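In full-length UniProt numbering, the protein residues as written are 1 to 684.
Glycine included, C-beta positions come from ideal geometry on N, C-alpha and C.
Computed from a predicted model, the values in this text were never measured in an experiment.
The next block holds one structure in the form of structure tokens; read it before the comments.
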Amino acid sequence: MPSTPSTTSARRHQSGVACQACRRRKVRCSFSVTGVPCTACTQDQVECLVNTKQLNRFQRNRTPVTPSLRPIAPAQTHGVNGSSSSNKNDLPSEPNVAGNTATPLSGGPHNIEAEERNGVEIATAALGQPQNVGEVPSTPVVEKSKREGTGPTSALNICSLPRHFFIPVTNRVSLSDEDRNYLQIKGVFTLPSKAVCDSFLRAYFYHVHPVMPVIDVNLLLNMHHSGRLQEYNLLLLWSIFFVAVNFVPANVYEQEEGCNSRREMKAMFYSRAKCMYDNGAETDKIVLLQSSLLLGFWYSELDEHMQPWYWTGIAIDLCQMLGLHRDPHSSKANSSITPQQWCLWRRLWWSCFFRDRWLGLTLGRPLRINLNDCDTPMPVVADMLSDMDRIPDSAAAAAYLPNDFPRLAQYWVKLIELSKVLGTVITMNYQAVRPRPSLQQFETVEQDILRFQLPDLYEAGLSRWAGFYAYHVHLHYQALAITFYRPYERDTPEGLDPNEEEDWRHRVRSKADAAASRTNYILDALVQGKLLEYVGPMTPPLLIPAMQTHLLHCKRADPLSKRLRLNKLDMCILILEELQKTYTAASIYRVLFIKAIQQIFPGYSKGIEPLHQNAPAASGAGASNATDPTSSTTGSSAEDPITYDVSLSDDQEADAAATDSFVHALTDEASIFNLLGNMGSDMI
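As structure tokens, this is what we get:
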């Protein structure tokens, strides 16, 4: 019968190559998806043989793609010396398009057979057992649910499936001319000079990777060291550069890139990364996940919906879509996935968890990750060091990585452990609908906090980097302690003897107060050690629990205690004043607390200028010794009257009721960040 358009479109798709057994039986072969052995040979337990000529033709037509690498035709590649500018690397206009199977973003006509083939290929990938990692398609993991009858592969539960398997990439998306031209205009195809790239990568590995180890160090450093950085995934590269801007020397953004400020350069790099995210036709979910975590450090009042909460949510969704929240080391583990991949995926999952817990605290929003749905093991130091062990050039590693990175890896594991306790605290004390915690629950969590082994701040031989990250862990610990104790200054757990409530509240209040004072001590040490330049975007929120505690005591205490607390608040505001040069969140927090202080101390400086010379002096053992050494505050007498330069604004004086409500909201013991959550702020 002559073919018609309908019968032609309905023909079954034939694989480009098949093994000898499948050809004899005239059945579909999964070799192009699963490699050797194919699904049929695996099930029949027969040898899977492929004709040599067919295999060679298949390998010639195939374009392998690795998760963070896209091939670029040699004729298109421009190195540092081949660019039109002496200090820029111009890249090809379409670096992320690979192979001959690319399709336009708009897609083609609706094809049911093509959609059904996708399901067939997923099933064959799940049922097969690829032996060669190089034959595994690049899109990684899909989850097989433990629960019967749920998940996308529940129909295959009768088979012995690997917990994670690879979905084949049938089509790659190509860029339209409009998108390509737009990306070219935005500058995403032009890298900075090699020297500037060196600065960005060094800043990333020293300041970002120790707390967010989300990339394969070996791959990036090897490509950069061999002069092939232009072949690295551009979306991921601009995301790395974006977070590294916070830590590069001023001459990098002033002289090399012509930016007026660090913030301007950060906005430019974020724009390029986001353009690649939206228009770069990226399909690798691991790359999208890595970039989302890094872009989660963006904050701008002009882009309110795409900020940390948004980007972290995308990263968590991708993690769960890929099944990274499930334990891969089981009887059904996929042998084709390397230990290095497992380590990277575990780091990605726990980095998402870390951000979820601290953003939930900071923004007063629900936790997205429920650990009862997860069985991925807690991270270990080896997870962070696995890809570094494979760097062949030790000199390249030494040029970009801190010498004591194993110690920094230990600190990262401690941060994850703290985050796990924080999740328990938030669930027990801050959920909107929650039972009243029992005294036993309180004591159990308190013991978890008290037993925590913090880094030794006075350990001999600590480098400046290790010293800073040790303080960084301590700041998280003190914020956690305050978060735990603060609600119990007002409420008591169930089962507490009523006769002991007053004394119990006093002890809890003292513990929260001690944690706030230790926060000031850590800030003092950072200033004295000239370590503030290492502070990242996650640090300003860690000051807020201590500042709330100080503000609460300013509201309640006697005059002398108020002045001592104000001195500690002044110190925190001075730190935020320094950090606001780089981080928008610090500016907002600083102004917010200055406005609150003005309600308790009328006439307090509005904070537009540095703290005034007539700020109240501190005295007594409780005063912080970390005030600005250039300020005349330390020369004031404790007996001098308190005077101020600036009075309250007219609208504040006109509405005393609103004033009291504002201070109450900021110091409410029942929630650390309810005010910021109600304002919708997303600043971390």
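Straight-line Cα distance separating Pro455 from Asn233: By 1-based counting over the sequence shown, the position of residue 233 is 233. By 1-based counting over the sequence shown, the position of residue 455 is 455. Their Cα atoms are separated by approximately 36 Å.
Continuous alpha helix (DSSP H) stretch holding Asn225: start and end: By 1-based counting over the sequence shown, the position of residue 225 is 225. One point to set straight first is that residue 225 is His, not Asn, in the sequence displayed. DSSP places His225 in the uninterrupted alpha helix (DSSP H) bounded by 217-225.
Euclidean distance between Cα positions of Phe247 and Ser587: As a working note, residue 247 is residue 247 in the sequence shown. As a working note, residue 587 is residue 587 in the sequence shown. Rounded to the nearest angstrom, the two C-alpha atoms are 18 Å apart.
Distance, Met378 Cα to Leu385 Cα: Taking the sequence shown and counting its residues from 1, the one referred to as residue 385 is at position 385. Taking the sequence shown and counting its residues from 1, the one referred to as residue 378 is at position 378. Cα-Cα distance, rounded: 15 Å.
Ser261 - partner residues in DSSP beta bridges: Taking the first residue of the sequence shown as position 1, residue 261 is located at position 261. Note: Ser261 is not bridge-paired with any residue in the DSSP secondary-structure output.
Integer Cβ distance of Ala244 from Phe200, believed to fall under 8 Å: Here residue 244 is taken as the residue at index 244 of the sequence shown, counted from 1. Here residue 200 is taken as the residue at index 200 of the sequence shown, counted from 1. Their Cβ separation, rounded to whole angstroms, is 4 Å, which keeps Ala244 and Phe200 in contact under 8 Å.
Trp412 vs Pro210 beta-carbon contact at 8 Å: Counting from one through the sequence shown, the residue named residue 412 turns up at place 412. Counting from one through the sequence shown, the residue named residue 210 turns up at place 210. Yes. Within cutoff.
Reduced DSSP secondary structure (H/G/I, E/B, other) of Leu191: Translated into positions along the sequence shown, residue 191 becomes position 191. The three-state reading of DSSP puts Leu191 in strand, counting E and B together.
Presumed contact (8 Å Cβ cut-off) between His207 and Gly467, rounded CB distance: Mapped onto the sequence shown, residue 207 falls at position 207. Mapped onto the sequence shown, residue 467 falls at position 467. 14 Å between Cβ atoms; not a contact.
Through-space distance from Arg263 to Ser419, alpha-carbon basis: By one-based count along the sequence shown, residue 419 stands at place 419. By one-based count along the sequence shown, residue 263 stands at place 263. In this model, Ser419 and Arg263 are separated by some 29 Å (Cα to Cα).
Nearest to Asp570 (by Cα), restricted to the options Val591, Lys581, Pro559: Taking the first residue of the sequence shown as position 1, residue 570 is located at position 570. Selected option, being the one with the closest Cα: Val591.
Through-space distance from Tyr471 to Asp524, alpha-carbon basis: Residue 524 sits at position 524 when you count from the first residue of the sequence shown. Residue 471 sits at position 471 when you count from the first residue of the sequence shown. So the alpha carbons of these two residues sit roughly 11 Å apart.
Check whether Thr312 and Arg346 have beta carbons under 8 Å apart: As a position in the sequence shown, residue 312 is number 312, starting the count at 1. As a position in the sequence shown, residue 346 is number 346, starting the count at 1. Cβ atoms of Thr312 and Arg346: not closer than 8 Å.
Among Asn429, Asn51, Cys275, nearest to Lys186 - alpha-carbon criterion: For the purposes of this step, residue 186 is taken as residue 186 along the sequence shown, with counting starting at 1. That would be Cys275, whose Cα lies nearest to the Cα of Lys186.
Sequence ranges, alpha helix (DSSP H) only - wholly within the region 563-614, length at least 4: Positions of the alpha helix (DSSP H) runs, each at least 4 residues long and wholly inside the region 563-614, are given as 584-600 in order along the chain.
Length of the line joining the Cα atoms of Cys48 and Glu459: For the purposes of this step, residue 48 is taken as the residue at position 48 of the sequence shown. For the purposes of this step, residue 459 is taken as the residue at position 459 of the sequence shown. Inter-residue distance for Cys48 and Glu459 is about 60 Å (C-alpha atoms, whole angstroms).
Own chain partners of Leu475 with C-beta closer than 6 Å, once the 5 adjacent residues on each side are dropped: Indexing the sequence shown from 1 puts residue 475 at position 475. Result list for Leu475: Ile522, Leu542, in chain order.
Residue range of the unbroken alpha helix (DSSP H) whose run includes Gln548: Residue numbering aside, residue 548 sits at position 548 when the sequence shown is read from its first letter. Counted as a single uninterrupted DSSP element, the alpha helix (DSSP H) harbouring Gln548 occupies residues 540-556.
Three or more C-beta pairs below 8 Å linking the region 356-364 and the region 417-434: Contact check between the region 356-364 and the region 417-434: three or more CB pairs, one atom from each, fall below 8 Å, which counts as touching.
Spatial distance of Ala18 from Met212 (CA atoms): Taking the sequence shown and counting its residues from 1, one reaches residue 18 at position 18. Taking the sequence shown and counting its residues from 1, one reaches residue 212 at position 212. One Cα belongs to Ala18, the other to Met212, and the distance between them is close to 44 Å.
Cβ-based neighbour list, Ser649, same chain, cut-off 6 Å, excluding 5 preceding and 5 following: Position 649 of the sequence shown, counted from the first residue, corresponds to residue 649. Confidence at Ser649 is low in this model, with a pLDDT of 41, below 50, so the placement of that residue should be treated as unreliable; the coordinate-derived value is given next. Within the same chain, Ser649 has no close Cβ partners at all.
Three CB pairs or more closer than 8 Å across the region 509-520 and the region 549-565: They touch, by the three-pair rule.
For Tyr458, three-class secondary structure by DSSP: In the sequence shown, counting from the first residue as 1, residue 458 sits at position 458. Three-state result, Tyr458: coil.
Same chain, Cβ closer than 7 Å to Asp448, five either side skipped, listed in chain order: Position 448 of the sequence shown, counted from the first residue, corresponds to residue 448. Only Val421 meet the Cβ criterion.
For Leu289 and Pro152, the rounded distance between their alpha carbons: One-based indexing of the sequence shown puts residue 152 at position 152. One-based indexing of the sequence shown puts residue 289 at position 289. Because Pro152 carries a pLDDT of 48, less than 50, the predicted location of this residue cannot be relied on, and the following value inherits that uncertainty. Looking at the two C-alpha atoms, the distance is approximately 21 Å.
Candidates Thr519, Arg436, Ser463, of which the one nearest Pro487 by Cα: Your numbering for residue 487 matches position 487 in the sequence shown. Residue Arg436 is the option with its Cα nearest to Pro487.
Boundaries of the alpha helix (DSSP H) in which Leu362 is found, first to last residue: Taking the sequence shown and counting its residues from 1, the one referred to as residue 362 is at position 362. Sequence inspection shows Thr at residue 362; the Leu mentioned does not correspond to that position. Counting along the chain, the unbroken alpha helix (DSSP H) around Thr362 starts and ends at 339-363.
Buried versus exposed, by CB contacts within 10 Å (16 or more), Thr519: Start at 1 with the first residue of the sequence shown, and residue 519 comes out as number 519. Its Cβ being crowded by 16 or more others within 10 Å, Thr519 is buried.
Given 8 Å, three or more beta-carbon pairs between the region 570-581 and the region 497-512: The region 570-581 vs the region 497-512: no contact.
C-alpha gap between Ile369 and Thr424, whole angstroms: The count along the sequence shown starts at 1 and reaches residue 369 at position 369. The count along the sequence shown starts at 1 and reaches residue 424 at position 424. Their Cα atoms are separated by approximately 12 Å.
Those residues which DSSP pairs with Glu494 across a bridge: Here residue 494 is taken as the residue at index 494 of the sequence shown, counted from 1. Ser438, per the DSSP bridge assignment.
Residue closest to Arg180, alpha-carbon to alpha-carbon, out of Ala250, Gly227, Asn279: Taking the sequence shown and counting its residues from 1, the one referred to as residue 180 is at position 180. With distances taken between Cα atoms, Arg180 lies closest to Asn279.
Beta-carbon separation (whole angstroms), Trp342 vs Ile416, contact threshold 8 Å: Within the sequence shown, residue 342 is the residue found at index 342, counting from 1. Within the sequence shown, residue 416 is the residue found at index 416, counting from 1. Actually they are not in contact, since the Cβ atoms of Trp342 and Ile416 sit about 16 Å apart, beyond 8 Å.
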